[in-house]
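Going by our numbering, the sequence shown opens with residue 5, and the numbers climb by one from there. In this text, a Cβ means the ideal position worked out from N, Cα and C, and glycines have one as well. Below: one structure, written as structure tokens.
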Amino acid sequence: MCNALDPIVRTWIALLDSAEVLLRTAPGRDPGAFDRVGIAIDLLLKHEHTMTDAQRELARRTVWVRDNPESIPDDRSTWGRCTCPTCRLARRLTQAHQKYPALRASAVAIVLPQPTPTTQGELFP
Ligand SMILES: [Zn+2]
């Protein structure tokens, strides 16, 4: 890996490689191995969430060039996207609201019940 790369991009690539190695070498019937893979993927996605679109695109481009003999695909429109669960959900909600505007109009704000005040604090100031 090129050391001139942005350290944030290098970290993403290292986390990706680590997750892939853990996944490839996980014994089939070892639940602990799959927990470790899940933790590695979670770390990767949390790191990815902190990156800019340009950093994510550079990271994916670097991995593509390193791992693929083919030239880089013309359509790289999604390479800058964050793929963490929060951002994926936000994109899907945006798409749903665009496709079905009535959803937004009929959405009802959910109000969670607030904790009931107690006298406990008054007894022990
Ligand atoms: Zn994200």
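Ligand 1 heavy atom lying under 7 Å from the CB of residue i
| i | result |
| --- | --- |
| Thr90 | yes |
| His51 | no |
Counted within 10 angstroms of its Cβ, other Cβ atoms place residue i as buried (16 or more) or exposed
| i | result |
| --- | --- |
| Thr98 | exposed |
| Asp115 | A quick correction: the sequence has Val, not Asp, at residue 115. It is exposed - the Cβ of Val115 has fewer than 16 other Cβ atoms within 10 Å. |
| Ile1 | Beyond the ends of the chain as shown, which are 5 and 129, falls residue 1; an answer cannot be given. |
| Thr15 | buried |
| Gln118 | exposed |
Cβ neighbours of residue i in the same chain (closer than 8 Å, five flanking residues each side left out)
| i | result |
| --- | --- |
| His53 | Cys86, Cys88, Thr90, Cys91 |
| Pro129 | Residue confidence for Pro129 is low, a pLDDT of 43 falling below 50, so the modelled location carries little weight and cannot support an answer. |
Same chain, Cβ closer than 6 Å to residue i, neighbours up to 5 away in sequence not counted
| i | result |
| --- | --- |
| Trp83 | Glu61, Arg64 |
| Val41 | Leu26, Leu27, Ala30 |
| Leu49 | Cys88 |
Cβ-Cβ distance between residue i and residue j below 8 Å
| i | j | result |
| --- | --- | --- |
| Val69 | Leu20 | no |
| Ile45 | Ala30 | no |
| Leu13 | Gln59 | Note on residue identity: the sequence assigns Val, not Leu, to residue 13. Yes, these two residues count as a Cβ contact at 8 Å. |
| Leu93 | His101 | no |
Same chain only: Cβ atoms within 7 Å of residue i, ignoring 5 sequence neighbours per side
| i | result |
| --- | --- |
| Asn7 | none |
| Leu9 | Thr66 |
| His51 | Thr15, Trp16, Leu19 |
Legend entry - Unbroken stretches of the alpha helix (DSSP H), 4 residues or longer, contained in the stretch 57 to 99: 57 to 71
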